[in-house]
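As you go down the protein sequences, you meet chains A and B in turn. Residues in the first sequence are numbered from 33 upward in steps of one, following the numbering used here. Residues in the second sequence are numbered from 33 upward in steps of one, following the numbering used here. For glycine and all other residues, C-beta sits at the position ideal for the given N, C-alpha and C. Bear in mind the structure is a predicted one, so any value in this text is a computation, not a measurement. Here the structure is laid out as structure tokens; the discussion comes afterwards.
2 protein chains.
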Amino acid sequence: MTALPSPRVTIKDVAARAGVSKGAVSLAFNRKPGLSEATRDRIFAAARELGWEPNLTARSLSSSRVDVVGLAICRPARMLGLEPFYMEFVSGVESVLTEHSCSLLLRLVRHVEEEVGLQESWWRGRRIGGAVLVDFRADDPRVAAAERLGMPVVAVGHPSLTGSLTSVWTDDATAVTEAVRYLAALGHRRIARVGGAAALGHTMMRTAAFDAAARSLGLAGAWQVATDYSGEAGARATRSMLTAAPPDRPTAIVYDNDIMAVAGLGVAAEMGLGVPGDVSLLAWDDSQLCRLTHPTLSAMSHDVHGFGAEAARTLFGVITGSGPGSHPVPTPVLTPRGSTAPPRS
Amino acid sequence: MTALPSPRVTIKDVAARAGVSKGAVSLAFNRKPGLSEATRDRIFAAARELGWEPNLTARSLSSSRVDVVGLAICRPARMLGLEPFYMEFVSGVESVLTEHSCSLLLRLVRHVEEEVGLQESWWRGRRIGGAVLVDFRADDPRVAAAERLGMPVVAVGHPSLTGSLTSVWTDDATAVTEAVRYLAALGHRRIARVGGAAALGHTMMRTAAFDAAARSLGLAGAWQVATDYSGEAGARATRSMLTAAPPDRPTAIVYDNDIMAVAGLGVAAEMGLGVPGDVSLLAWDDSQLCRLTHPTLSAMSHDVHGFGAEAARTLFGVITGSGPGSHPVPTPVLTPRGSTAPPRS
DNA sequence: GCGCTTTCCTCAACCGGTAAAGTCCGATTC
DNA sequence: GAATCGGACTTTACCGGTTGAGGAAAGCGC
Chain A
33 MTALPSPRVT
43 IKDVAARAGV
53 SKGAVSLAFN
63 RKPGLSEATR
73 DRIFAAAREL
83 GWEPNLTARS
93 LSSSRVDVVG
103 LAICRPARML
113 GLEPFYMEFV
123 SGVESVLTEH
133 SCSLLLRLVR
143 HVEEEVGLQE
153 SWWRGRRIGG
163 AVLVDFRADD
173 PRVAAAERLG
183 MPVVAVGHPS
193 LTGSLTSVWT
203 DDATAVTEAV
213 RYLAALGHRR
223 IARVGGAAAL
233 GHTMMRTAAF
243 DAAARSLGLA
253 GAWQVATDYS
263 GEAGARATRS
273 MLTAAPPDRP
283 TAIVYDNDIM
293 AVAGLGVAAE
303 MGLGVPGDVS
313 LLAWDDSQLC
323 RLTHPTLSAM
333 SHDVHGFGAE
343 AARTLFGVIT
353 GSGPGSHPVP
363 TPVLTPRGST
373 APPRS
Chain B
33 MTALPSPRVT
43 IKDVAARAGV
53 SKGAVSLAFN
63 RKPGLSEATR
73 DRIFAAAREL
83 GWEPNLTARS
93 LSSSRVDVVG
103 LAICRPARML
113 GLEPFYMEFV
123 SGVESVLTEH
133 SCSLLLRLVR
143 HVEEEVGLQE
153 SWWRGRRIGG
163 AVLVDFRADD
173 PRVAAAERLG
183 MPVVAVGHPS
193 LTGSLTSVWT
203 DDATAVTEAV
213 RYLAALGHRR
223 IARVGGAAAL
233 GHTMMRTAAF
243 DAAARSLGLA
253 GAWQVATDYS
263 GEAGARATRS
273 MLTAAPPDRP
283 TAIVYDNDIM
293 AVAGLGVAAE
303 MGLGVPGDVS
313 LLAWDDSQLC
323 RLTHPTLSAM
333 SHDVHGFGAE
343 AARTLFGVIT
353 GSGPGSHPVP
363 TPVLTPRGST
373 APPRS
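This is how it looks when you write it as structure tokens:
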């Protein structure tokens, strides 16, 4: 396609065609008062005839408001594709942005440091009007960076991690506790957990909550490991747990995402262990994947799409200076399916 | 966070601090000749001290070049999260964009019509400098739209679908043929296929290729159905295929993505059929998911990340007016794993 | 010492909008 | 009949860069 530089039509052309000034066209297109119905119509007609739409670059330069929101995701590409969480989250964010005719600038980064640099550069370069920050870790450098820049931001993470930033989060501690209580109520005494990335704040909170719940229920061995969230890591972790001799072997395993639970299911099958007969598995997030396996996977279920939407709504609140401020979204709830049952003996 | 409107530093401040004119600063930051080493250094030092980065909005307004690329994806949110393909593709696109300090504008849309409107609006509004178009269908309206707008575009799809647009594609027909030949070579005579969305061009091509391959091999019943790519649809399709009485029941099923193959695996287990003993399953795309199940899934495997990267590279070629033009990327190759074997009897 | 390049940098006109101040005019008000 | 007012636009000054046309100073050949 030869990109012939078609004589691009501008506001001036529209103004000329409608027989008015640029200013009038601007007023019309921003739905501001001060124009007669007739003129407004004439302007719109002229614009339609010329196929004109306001140049958003020029608009945001002069009005110094940017209708783009940034989101940087920091996980290896391999893992991302498999993590239903992100795409669903992104689609939730999108759904709200679209309502405000706002767009999402997406970037995959390798480290938090890279993300800090990117966000700063986006903001300094006036490319975004705000950002959604995800995957907080302890002492996350993005907290200070966002404050220093004065950039409107919504932090997806527990307030204990996100400092003064407006945040939106799920109550993971409560959810973990519910998961453990449920398995204990089924009769499990040896419950293990295959966690996510150790550096992430919500992993740390889940780990602590798991320990606390196990202790308070007097459970013998609360065995936890951290992974990188990948299916392979989940498989490895499961394999090492299930190769323990029966008295030590966990009879139930909680996973930090769906993929690892699916991998765990594969490992159990590979080892000839029945699910849920020999071992119960409990997934986390509850994407459609949990309903596709056999047995289907019980899961801690939450509305990830809605989570993303709520994050976006909150960000708009921050940008406009109104809005709800920090708040939790609904806690994941237990959705029992075919992979959890009382232990055999 | 109170977004106090920090007195934003501009090129003028930097110029003043370095004791030069705006123009000099511009030259320095665009690495253009005409400045002494010393002055250049002074300018960079001043910029660093003030924490200034050029306002990209202003830059793209005056230079009328936009370093943002658009990508609209048209699938229901539910499905997207589960489709490893997209995230991997996006991450491939990203990897190349990043090299060119370019960003990706992402949007999820519901219909092609919505996408046409969106792309047009993005382009007219000077928000993007080009776009990656995916999921072509027959007589896709985006072909005409892109031509009409003169928008630089790379079409991800077979040239028979993408008209005059520069395109990048995988040779699905050959891959399908290889899949069928492989299964036939194992001894399968009743091979079925669970396809993707019927409206999509590549689905149509795969369907035709599947028919042709089966015919040329003299296979009895080449049973194919179209789905919406969701795991649930894959499960339904598989269930209806496997409930056929043994002489009619397929002994091998080819899927159009990984998720449906996983779902198929679940259905087989649910029906008490062994994989690959009673039925062989062959997935498509080969995300990590295929190695997590038990048995592991044989798949038509390709480098989706690389596919995305190649699409992005080609788009840059179109934008700069140079570059390779339309070309295929490597054909998916068969990767046998645990889910395919000769039929039992 | 004079013209002629080169090198390095300034100036001012854009890019395509927005927004605040200004103009014009017919309708009220006193 | 002058003063006031509000509606409907127009003018004009930006927004923060880029860009091409100069211009001053230094270097060079003769």
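- Nearest Cα to A:Glu264 within the set A:Phe121, A:Glu115, A:Ala231 and A:Val41: A:Glu115.
- Under the Cβ distance rule, A:Gly298 counts among the residues neighbouring chain B, one pair being separated by less than 8 Å.
- For A:Met332, there are no C-beta contacts with chain B under 8 Å, since the nearest C-beta of that chain is about 16 Å from it.
- When DSSP states are grouped into helix, strand and coil, B:Met183 belongs to the coil group.
- Per DSSP, the continuous alpha helix (DSSP H) segment holding A:Pro191 begins and ends at Pro191 to Thr194.
- The beta carbon of A:Val125 lies closer than 8 Å to those of Val101, Leu103, Leu136, Val164, Gly340, Ala341, Ala343 and Ala344 in the same chain, with the five residues before and after it left out.
- Among the residues facing chain A, B:Pro86 is included, as its CB has a counterpart in that chain under 8 Å away.
- No Cβ of chain B is located within less than 8 Å of the beta carbon of A:Met273.
- A Cβ-Cβ separation of about 37 Å leaves A:Ser199 out of contact with A:Ser58 under the 8 Å criterion.
- Residue state for A:His337 is assigned as helix, using DSSP reduced to three classes.
- The residue from B:Val166, B:Gly157 and B:Val186 with its alpha-carbon nearest to that of B:Gly355 is B:Val186.
- Classified as exposed, A:Glu69 has fewer than 16 neighbouring CB atoms from the shown chains inside 10 Å of its CB.
- The C-beta of A:Val188 comes no closer than 8 Å to any C-beta of chain B.
- Using a CB distance below 9 Å, the part of the region 250-266 of chain B facing chain A consists of Ser262, Gly263, Glu264 and Gly266, ordered along the chain.
- Residues of chain A whose Cβ lies closer than 7 Å to the Cβ of B:His326 are, in chain order, Gly298, Ala301 and Glu302.
- Rounded to the nearest whole angstrom, the CA to CA distance from A:Pro173 to A:Gly182 is 14 Å.
- The beta carbons of A:Leu347 and A:Gly195 sit no closer together than 8 Å.
- A:Ala50 is the residue among A:Ala50, A:Val257 and A:Val188 whose C-alpha sits nearest the C-alpha of A:Ala79.
- Residue range Ser199 to Thr202 is occupied by the beta strand (DSSP E) that includes B:Val200.
- Listed as beta-bridge partners of B:Thr367 by DSSP are B:Ala331.
- Counting the other CB atoms within 10 Å of its CB gives A:Asp167 a total of 16 or more, which places it among the buried residues.
- Interface flag for B:Tyr287 against chain A is unset, since no Cβ pair is found closer than 8 Å.
- Scanning chain A for C-beta atoms nearer than 8 Å to the C-beta of B:Leu193 yields nothing, as the closest lies near 16 Å away.
- Residues of the same chain with a CB within less than 6 Å of the CB of A:Ala224, apart from the 5 flanking positions on each side, are Trp255, Met273, Pro282 and Ile285 in chain order.
- Three or more beta-carbon pairs separated by less than 8 Å link the region 211-226 of chain A to the region 300-314 of chain A, which places the two stretches in contact.
- With a threshold of 8 Å between beta carbons, A:Ala295 makes contact with chain B.
- By the neighbour-count definition (other C-beta atoms within 10 Å, threshold 16), B:Ala178 is a buried residue.
- Between A:Pro308 and the set A:Pro368, A:Gly253 and A:Met236, the nearest pair of CA atoms involves A:Pro368.
- In the DSSP assignment, no residue is bridged to A:Trp84.
- For the C-beta of A:Arg222, not a single chain B residue is nearer than 9 Å; the gap to the nearest is close to 23 Å.
- In its chain, beyond the 5 residues on either side, Cys106 have a beta carbon closer than 8 Å to the beta carbon of A:His143.
- Contact check for A:Asp290 against A:Ser262 fails: the beta carbons are separated by 8 Å or more.
- For B:Ser319, there is no enclosing beta strand (DSSP E), since its DSSP letter is neither H nor E.
- Close partners of B:Glu126 in chain A (Cβ separation under 7 Å): Arg139 and Leu140.
- In the DSSP assignment, A:Val148 falls outside any beta strand (DSSP E) and within the unbroken alpha helix (DSSP H) covering Val144 to Arg156.
- According to the DSSP assignment, A:Ser135 belongs to no alpha helix (DSSP H) but to the beta strand (DSSP E) extending over Ser135 to Leu140.
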